[in-house]
Structure formats: C-alpha cells, structure tokens
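Asker: So the sequence shown is residues 133 to 330, counted in this note's numbering. Below: one structure in structure tokens.
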Amino acid sequence: MYKRYFKRALDIFGAFLLLVIMFPIILVVWVILLIYNKGEVFFNQVRPGLNEKPFLMYKFKTMNGSNLIDESKRITKVGDFLRKTSLDEFPQLFNVLKGEMSLIGPRPLLMEYLPLYSDYQRKRHIVLPGITGWAQVKGRNSLSWDEKFELDVYYTDNVSFLLDIKIFWLSIFKILPGKGVYAENGQIVEKFAGNIEL
Numbered sequence: 133m134y135k136r137y138f139k140r141a142l143d144i145f146g147a148f149l150l151l152v153i154m155f156p157i158i159l160v161v162w163v164i165l166l167i168y169n170k171g172e173v174f175f176n177q178v179r180p181g182l183n184e185k186p187f188l189m190y191k192f193k194t195m196n197g198s199n200l201i202d203e204s205k206r207i208t209k210v211g212d213f214l215r216k217t218s219l220d221e222f223p224q225l226f227n228v229l230k231g232e233m234s235l236i237g238p239r240p241l242l243m244e245y246l247p248l249y250s251d252y253q254r255k256r257h258i259v260l261p262g263i264t265g266w267a268q269v270k271g272r273n274s275l276s277w278d279e280k281f282e283l284d285v286y287y288t289d290n291v292s293f294l295l296d297i298k299i300f301w302l303s304i305f306k307i308l309p310g311k312g313v314y315a316e317n318g319q320i321v322e323k324f325a326g327n328i329e330l
C-alpha cells in the first residue's frame, strides 16, 4: 500500500514543500551560476528511470571544460560547493513532481551502464530512482560499486515508510555536510566498468 500509493503522495507533497522553502536559495544559486557559468545554469542528462525507462534528469551545472579533461579537474569552485552541499541536486525536485523520480530511491546512474548489469543489479530499477537513497547515506561515492548495488537492491526489497523516514533524516546529517561526495582518494568515483556478480 505504501509503495504503490502513499509514497507517491509524500513525494508530491515533499517536493512541493521543499521547493517553496528552498526557493530563495535556489534563486540565489541560479543567479550565481548564470553569472559564473556565463549563462549556463543547468546540466541535463538522460538517465534510466523506473523499469529502465529513459528520462531527462535536471541538475545545476557544476563542471566546465572539455569532456577530454579529467572530470575531477572540470569541477568549478562554485560547483564543488554545490556538490558538497547537494544543492546541485535540487532541480530534481521537478523530476519528482513529474513522476520521473522519488525523493528517496536508488540514484539514477548512466544509460551506458545498462548492458553491464547482472540480473541482481538490474533490480535497482524496479522502483523510481531517488534524489537520495540508502547507498547515499551509507557512504555515497566512498563506497565500492558492489557495495552500492547491494545497498540499492536492499532498498528495493525493503521499501517502507520507516526506511524512507530513516534515509531522509540520515541524509540531513550525512549528505548535507558533504560526506562521501568524492572517493577516498579525493577523486570522482570511477565509472562502472563491468558486471559484478553479487
């Protein structure tokens, strides 16, 4: 009952409430990026959603430069701050209102990863992707890929109101302070390169 009906109602209410509360901050970030990035405020990318259906995910732009440059070197000073505070993710509240994402669920990864998943890993797509999730509060990018997939699948198998509330509060205390934004070596986490059987 919660997974099918109540969770969606909470998503709509929560996303709308957060947009209202955070509107002044979102507006300030928009203006800063408009100036700092010379008019380029958003970074939009197609990601796999529920049942692997593609959707356009919204983020504030945090990187500049050529795709040939190491990603860790493309992050701007403003972008680094936005990532550490998770402010870059706030445009995804519109994805939540559109029904493409949930406030809580496995983070949407890259489309190019889909052919690399095992059947076990593919289970992360049987629920809507989230702005925050079980893997994020357990370590975010400091985790290995197999740890992330295990936590994602655990969530899909155990979706509940209490688990979502727990993830929500842990997100405030663990993600907002910037914990786990980068891997232990200080770099952006390496791309998923293969099928890890769990």
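Every residue, glycine too, gets a C-beta built ideally from N, C-alpha and C.
Identify the continuous beta strand (DSSP E) that holds Thr288 and give its terminal residues.
Answerer: For the purposes of this step, residue 288 is identified with residue 156 of the sequence shown, where counting begins at 1. Here Thr288 belongs to no beta strand (DSSP E); instead the alpha helix (DSSP H) covers Trp277 to Asp289.
Asker: May I ask which residues mark the beginning and end of the alpha helix (DSSP H) holding Tyr190?
Answerer: As a working note, residue 190 is residue 58 in the sequence shown. Not the alpha helix (DSSP H): Tyr190 falls in the beta strand (DSSP E), residues Pro186 to Phe192.
Asker: Cα-Cα, which of Ile207, Leu242, Phe192 and Phe213 is closest to Leu225?
Answerer: Position 93 of the sequence shown, counted from the start, is the residue given in the question as residue 225. Closest option to Leu225, Cα to Cα, is Phe192.
Asker: In angstroms with no decimal places, state the Cα-to-Cα distance between Ile236 and Pro247.
Answerer: Locating residue 236 in the sequence shown gives position 104, where the first residue counts as 1. Locating residue 247 in the sequence shown gives position 115, where the first residue counts as 1. Taking the straight line from one Cα to the other gives about 24 angstroms.
Asker: By DSSP, does Val152 sit in helix, in strand, or in coil?
Answerer: The residue labelled residue 152 in the question sits at position 20 within the sequence shown. Three-state DSSP puts Val152 in a helix.
Asker: Excluding sequence positions up to five away, which residues of its chain have a Cβ less than 8 angstroms from the Cβ of Lys209?
Answerer: Within the sequence shown, residue 209 is the residue found at index 77, counting from 1. For Lys209, where only same-chain residues beyond five positions count, there are no Cβ hits under 8 angstroms.
Asker: I'd like to know whether the C-beta atoms of Ile207 and Met189 end up nearer to each other than 8 angstroms.
Answerer: The count along the sequence shown starts at 1 and reaches residue 207 at position 75. The count along the sequence shown starts at 1 and reaches residue 189 at position 57. Result no, Cβ atoms of Ile207 and Met189 do not sit closer than 8 angstroms.
Asker: Just to check my reading of the structure: Trp335 and Ile299 have Cβ atoms closer than 8 angstroms, yes? What is that Cβ distance to the nearest angstrom?
Answerer: Residue 335 lies beyond the residue range present for the chain, which begins at 133 and ends at 330; the question has no answer from this structure.
Asker: Could you pull out every residue in the same chain whose Cβ sits closer than 8 angstroms to the Cβ of Leu214, ignoring the five residues on either side in sequence?
Answerer: Counting from 1 along the sequence shown, the entry for residue 214 is found at position 82. Val161, Phe192, Thr194 and Asp220.
Asker: Within 10 Å of its beta-carbon, does Ala147 have 16 or more other beta-carbons around it, so buried, or fewer, so exposed?
Answerer: Counting from one through the sequence shown, the residue named residue 147 turns up at place 15. By the 10 Å Cβ count, Ala147 comes out buried.
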